[in-house]
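Undergrad: Just so you know, we're using numbering that gives the first Met the number 0 here: the sequence shown kicks off at 0 and counts up by one.
Using N, Cα and C, we set each Cβ at its ideal position, and we do this for glycine too.
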Amino acid sequence: MSDIKKRGLLLIPPVIIGVISYMAFLSSTGFNPLTLDYRESKLVYTVIPQGWGFFTRDPREPYTLLYKRTGDKLNLINDSGAEPRYLFGLSRSTRRQNIELGSLYLQVPDSMWVSCPSKAWKECVPDDRVFVSDSFKHPRLSGEYLLIRQAPVPWAWSKSYDKIKMPFEICKIYIEPVRESTN
């Protein structure tokens, strides 16, 4: 087989993957001049049922941070996994912690969140706390924490010279680990 044929065969898989990815992207976007017709988008969703949305999240989605309060300082608990102490993401401990946090977050009623329009967190800490239970087999969190829910700084403002602080919501929780019965 000649070199030209070998190179041609090597190009086929990337071209197929590129076309499928492009069509998945087009079928998941709203109406625009490049929108696929119904038959084409149905074919794409048959091949890739989740579409492009499987790979993306809303960039304006509020994020939830968990802090342990120590005196007048807040210590971030659920930080990024892309740090040397977490082996740049290879350690699963932060992923587990975020899953644990997600189950606790769902137990907090909407009425317990206190809005804080760009003030210091100390001025907004509620007096009431929500008792939540951590039912994981080996819970890593227990005691009093602060949950802060905040939208990210919009991309258009990201290069601003002024430090932009977005409004946030805060909630005080008390995490109680669920003990297994020893019968």
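#1: Here's the rule I'm using: 16 or more other beta-carbon atoms within 10 Å means buried, otherwise exposed. How should Met165 be labelled?
#2: One question on the structure: do Leu65 and Tyr144 come within less than 8 Å of each other, judged by their Cβ atoms?
#3: Are the region 97-107 and the region 125-139 touching by the rule of at least three beta carbon pairs closer than 8 Å?
#4: Just how far apart, CA to CA, sit Val124 and Val113?
#5: Which runs of the beta strand (DSSP E), 3 residues or longer, sit entirely within the region 38-118?
#6: So, do the region 61-80 and the region 142-160 have three or more beta carbon pairs nearer to each other than 8 Å?
#7: Would you list the one or two residues that DSSP bridges to Val124?
#8: Can you find the residues in the same chain that come closer than 6 Å, C-beta to C-beta, to Asp127, ignoring five residues on each side of it along the sequence?
#9: On the DSSP letters alone, give me the boundaries of the beta strand (DSSP E) that Pro32 sits inside.
#10: If I'm right that Gln149 touches Pro61 with Cβ under 8 Å, what's the distance once you round it to whole angstroms?
TA: The short version:
#1: exposed
#2: yes
#3: Result yes; three or more Cβ-Cβ pairs closer than 8 Å.
#4: 8 Å
#5: 62-69, 72-75, 113-115
#6: yes
#7: Answer is none; Val124 lacks a bridge partner.
#8: none
#9: Run containing Pro32: none; DSSP gives neither H nor E here.
#10: 6 Å
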